[in-house]
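Reading through the structure tokens given below for one structure.
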Amino acid sequence: MRLALFDLDNTLLAGDSDFEWAQFLIEQRVLDREVYEVRNREFYEQYKAGTLDIQAFLAFQLKPLARHSRRQLDAWHEEYMRTRIRPMITPAARALVETHRRQGHELAIITATNRFVTAPIAREFGVEHLIATEPEEVDGAFTGRAAGVPCFREGKVTRLEQWLASRRMRWEEVAESWFYSDSHNDLPLLTRVTHPVVVNPDPPLRAHAERHGWPILSLHETVH
Numbered sequence: 740m741r742l743a744l745f746d747l748d749n750t751l752l753a754g755d756s757d758f759e760w761a762q763f764l765i766e767q768r769v770l771d772r773e774v775y776e777v778r779n780r781e782f783y784e785q786y787k788a789g790t791l792d793i794q795a796f797l798a799f800q801l802k803p804l805a806r807h808s809r810r811q812l813d814a815w816h817e818e819y820m821r822t823r824i825r826p827m828i829t830p831a832a833r834a835l836v837e838t839h840r841r842q843g844h845e846l847a848i849i850t851a852t853n854r855f856v857t858a859p860i861a862r863e864f865g866v867e868h869l870i871a872t873e874p875e876e877v878d879g880a881f882t883g884r885a886a887g888v889p890c891f892r893e894g895k896v897t898r899l900e901q902w903l904a905s906r907r908m909r910w911e912e913v914a915e916s917w918f919y920s921d922s923h924n925d926l927p928l929l930t931r932v933t934h935p936v937v938v939n940p941d942p943p944l945r946a947h948a949e950r951h952g953w954p955i956l957s958l959h960e961t962v963h
């Protein structure tokens, strides 16, 4: 297998889908602005600084899913895709995915953002495989908790290995691998692949990439 892995937020997207989902719900008056906007920005800054408590963040981010019907959530998500996500997808990001597709590589998006938010985005890119943080469901309804290992930092490596195992494969059987990411939080997986590539990297990741001679791409100059 030749495997191309893509981080989503600030990599394939010129923005952060997790942050924007919460902001969208605030603007829809689903969430209280005074309570949620400050916390949303605090968590985003912690993520960028590498100090995020993933469990605390997931408790914050997944709770709204448990308060509303799936039908209502899906309706909000359609509007969110139209107004927030599609404007953050650049031609360069789409072209990168297509380059790997044309070469016959297996494609997967691997992201810390939960599957409810990201599954429609993966479909927008035409990427079949999504490895994401899983929101827990009981009888078709979200509980507001995460299921299994969050797909974050070292958890991305764990979740990738679990995904390969579900396909009766081991990491050692992947002949070539690419991983595109913007964040130093993704160094555990970037250091495992044969072709690490950084995209519009944060300062710590840029410094690491420059020290190790990794390619540095920019995908976000022109947003349509």
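Just add 739 to wherever you are in the sequence shown, counting from 1, and you've got this note's numbering. Here a beta-carbon is modelled for each residue, glycine too, at the ideal position from N, C-alpha and C.
query: Integer Cβ distance of V888 from L928, believed to fall under 8 Å; result: Rounded, the Cβ-Cβ distance is 13 Å, inconsistent with contact.
query: Cβ separation of L801 and R884, assumed to be a contact under 8 Å, to the nearest whole Å; result: 6 Å
query: Integer Cβ distance of L751 from F758, believed to fall under 8 Å; result: Not really, about 15 Å apart at Cβ, beyond 8 Å.
query: One or two residues paired with W902 in a DSSP bridge; result: W902 pairs with nothing; no bridge assigned.
query: Same chain, Cβ closer than 6 Å to E873, five either side skipped, listed in chain order; result: R854, A886 and G887
query: Local conformation of G887 per DSSP, three classes; result: coil
query: Beta-carbon contacts of P954 that lie in its chain and below 6 Å, excluding the five residues immediately before and after; result: V936
query: Whole-Å CB distance - L958 paired with T850, under 8 Å assumed; result: Incorrect: roughly 16 Å between the Cβ atoms, too far for contact.
query: Beta-carbon proximity list for W902, same chain, < 7 Å, skipping 5 on both sides; result: I870
query: Contact set for G789: own chain, Cβ-Cβ below 8 Å, skip 5 residues either direction; result: H923, N924 and P943
query: Rounded C-alpha distance that separates T822 from V877; result: 30 Å
query: Contact under 9 Å by Cβ, M740 with E912; result: yes
query: Proximity below 9 Å, CB of H844 to CB of W917; result: yes
query: C-alpha gap between D792 and T852, whole angstroms; result: 14 Å
query: Short Cβ contact (9 Å threshold) for M820 with P859; result: yes
query: Residues of its chain near T857, where Cβ-Cβ distance is below 8 Å and the 5 sequence neighbours each way are ignored; result: L747, S756, I848, T850, L869 and A871
query: For N924, the first and last residue of its enclosing beta strand (DSSP E); result: Neither: N924 is in no beta strand (DSSP E) and is coded neither H nor E.
query: Alpha-carbon spacing of R907 relative to E900, whole angstroms; result: 10 Å
query: Three-state class that DSSP yields for E911 in the structure shown; result: helix
query: Reduced DSSP secondary structure (H/G/I, E/B, other) of T822; result: helix
query: Outcome for A798 when other beta-carbon atoms lying within 10 angstroms are tallied against a minimum of 16; result: exposed
query: Buried/exposed call for Q767, threshold 16 Cβ in 10 Å; result: exposed
query: Proximity to R780 [Cα-Cα], best of N939, H947, G952 and A761; result: A761
query: Beta-bridge pairing of R741 - partner residues as DSSP gives them; result: E915
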